[in-house]
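For the numbering used here, add 1 to where a residue sits in the sequence shown, where the first one is 1. One structure is given below, encoded as structure tokens.
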Amino acid sequence: MFDQDALAATIAAHGPVARVVIAAHDGSSPRETGAAMLVWQNGQSGTIGGGALEWEAAAEARAMLVAGGRRLRRVPLGPALGQCCGGAVTLLTEVYRTGGLPEAECGLVARSVDGRDMPLAVKRLLDRARGQGVMPAPQLVQGWFVEPVAPQALDLWIWGAGHVGRALVAVLDPLPEVRITWVDVAEDRFPTVIPEGITTLPCADAARLVLHAPKDAQHLILTYSHALDLDLCHRLLHHGFDRAGVIGSATKWARFRSRLAALGHAPAAIARINCPIGDPALGKHPQAIAIGVAHAVLRHQARSSVKENAL
Numbered sequence: 002m003f004d005q006d007a008l009a010a011t012i013a014a015h016g017p018v019a020r021v022v023i024a025a026h027d028g029s030s031p032r033e034t035g036a037a038m039l040v041w042q043n044g045q046s047g048t049i050g051g052g053a054l055e056w057e058a059a060a061e062a063r064a065m066l067v068a069g070g071r072r073l074r075r076v077p078l079g080p081a082l083g084q085c086c087g088g089a090v091t092l093l094t095e096v097y098r099t100g101g102l103p104e105a106e107c108g109l110v111a112r113s114v115d116g117r118d119m120p121l122a123v124k125r126l127l128d129r130a131r132g133q134g135v136m137p138a139p140q141l142v143q144g145w146f147v148e149p150v151a152p153q154a155l156d157l158w159i160w161g162a163g164h165v166g167r168a169l170v171a172v173l174d175p176l177p178e179v180r181i182t183w184v185d186v187a188e189d190r191f192p193t194v195i196p197e198g199i200t201t202l203p204c205a206d207a208a209r210l211v212l213h214a215p216k217d218a219q220h221l222i223l224t225y226s227h228a229l230d231l232d233l234c235h236r237l238l239h240h241g242f243d244r245a246g247v248i249g250s251a252t253k254w255a256r257f258r259s260r261l262a263a264l265g266h267a268p269a270a271i272a273r274i275n276c277p278i279g280d281p282a283l284g285k286h287p288q289a290i291a292i293g294v295a296h297a298v299l300r301h302q303a304r305s306s307v308k309e310n311a312l
């Protein structure tokens with residue numbers, strides 16, 4: 002998907018940016034059609050699959066930054082790169098600058114890659130998106146590349162910067178379309194190096210920050226204090242949220258349910274909070290918890306996307 006916000010933010014931070022996207026592939030491919038990376042003079046983000054293909058594509062993209070422009074190139078992975086995948090990948094590389102981002106129409110970014118006029122097939126894709134809300138998969142169509150615009154980022158609030166909180170950030174931060182706000186009671190509870198794009202909010206009275214969270218945000222509660230965890234649950238139930246989860250055992254959650262009920266919350270409302278988070282079958286190691294949580298986040302996003310496309 003075409004993430005306009007991420008592209009604009011990267012241009013603002015680094016200047017001209019080349020976007021490299023897998024426009025098509027034949028046979029095996031390191032990533033799916035639509036997978037993209039952003040490349041600037043001294044760095045890059047995202048991935049089209051890593052390895053030799055990505056290294057060569059990034060070098061080519063940097064060489065295009067000064068002159069700008071667009072290039073469509075088919076790369077046979079075996080003959081060109083010595084890889085044993087057996088497939089071929091078509092890469093579209095486009096250089097963008099401030100003010101030069103493509104405009105979306107009906108939730109799609111459609112542009113010519115070889116100067117042709119818009120073909121009937123692309124017009125039909127736009128008509129379906131406009132009239133029926135049906136978003137096509139990214140695809141190369143008769144000299145035009147069509148991509149859905151990335152949906153608004155998921156707001157994910159992580160409460161607690163201990164071992165599990167750090168593991169969650171490490172696993173979830175690279176995921177596209179996830180915007181993380183990380184909260185704890187003091188600045189020295191956070192690691193020295195914070196991944197770019199994550200908002201940290203140190204606050205001695207952390208629970209009062211619930212009022213600043215979007216009402217459609219997701220929350221993962223894993224502070225050092227059971228009392229703070231309970232207070233966060235109580236405030237979130239009043240404030241509103243999309244999904245919420247608390248780290249803990251069945252015993253902890255049974256006590257929380259009882260105390261939340263005593264605070265006036267209905268059983269159905271309390272049941273909207275999940276405890277424990279992650280997949281207990283994977284174990285209690287922080288990275289294992291993070292992997293289980295990341296799976297749940299991705300599954301929820303996929304289900305939400307299916308529902309939106311069905312409307």
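Backbone N, C-alpha and C fix where the C-beta goes; we use that ideal spot for every residue, glycine too. None of these values were measured; they are calculated from a predicted model.
Query, Result
"Do you know offhand how far Lys308's Cα is from Pro152's?", "Residue confidence is low: Lys308 scores 47 on pLDDT, short of 50, so the model does not pin down where it sits. Its coordinate-derived value is still stated next. Rounded to whole angstroms, Lys308 to Pro152 spans 13 Å at the Cα level."
"Report the partner residues of Ile23 according to the DSSP bridge assignment.", "Leu92"
"Rounded to the nearest angstrom, what separates Ala81 and Asp156 at their Cα positions?", "Interpretation of Ala81 is limited by its pLDDT of 49, a score under 50 that renders its predicted location unreliable; the figure taken from the coordinates is listed afterwards. Approximately 41 Å between the Cα atoms of the pair."
"With a CB to CB cut of under 7 Å and the five nearest residues on each side skipped, what residues in its chain are close to Ile292?", "Val172 and Leu283"
"Would DSSP call Gly47 helix, strand or coil?", "strand"
"Going by Cα to Cα distance, which pick from Gly70, Asp27 and Leu54 is closest to Val18?", "Gly70"
"By Cβ distance below 8 Å, which residues in the same chain neighbour Ala1 in space, the five residues on each side in sequence not counted?", "Given a span of 2 to 312 for the chain in the structure shown, any question on residue 1 remains unanswerable."
"Please confirm if the stretch 133-140 is in contact with the stretch 189-199, defined as three or more CB-CB distances below 8 Å between the two stretches.", "no"
"Roughly how many angstroms separate the alpha carbons of Pro192 and Thr94, rounded to a whole number?", "36 Å"
"Return the bridge partner residues of Pro203 from the DSSP annotation.", "Asp185"
"Which residues does DSSP list as the beta-bridge partners of Asp1?", "No statement about residue 1 is possible, as the shown extent of the chain runs from 2 to 312 and does not include it."
"Output the residue ranges of the beta strand (DSSP E) runs that lie fully inside the stretch 89-150 and measure 3 residues or longer, sorted by chain position.", "89-97, 109-113, 140-142 and 145-149"
"Roughly how many angstroms lie between the CA atoms of Ile1 and Gly166, to the nearest whole one?", "Coverage of the chain is limited to positions 2 through 312, which leaves residue 1 absent and any answer about it impossible."
"Between Val170 and Trp183, is the Cβ-Cβ spacing less than 9 Å?", "yes"
"Note down, in chain order, each residue of its chain lying with its Cβ closer than 8 Å to the Cβ of Arg32, except the 5 sequence neighbours on either side.", "Ile23, Thr48, Ile49 and Gly50"
"Answer with buried or exposed for Val67, where buried requires no fewer than 16 other C-beta atoms within 10 angstroms of its C-beta.", "exposed"
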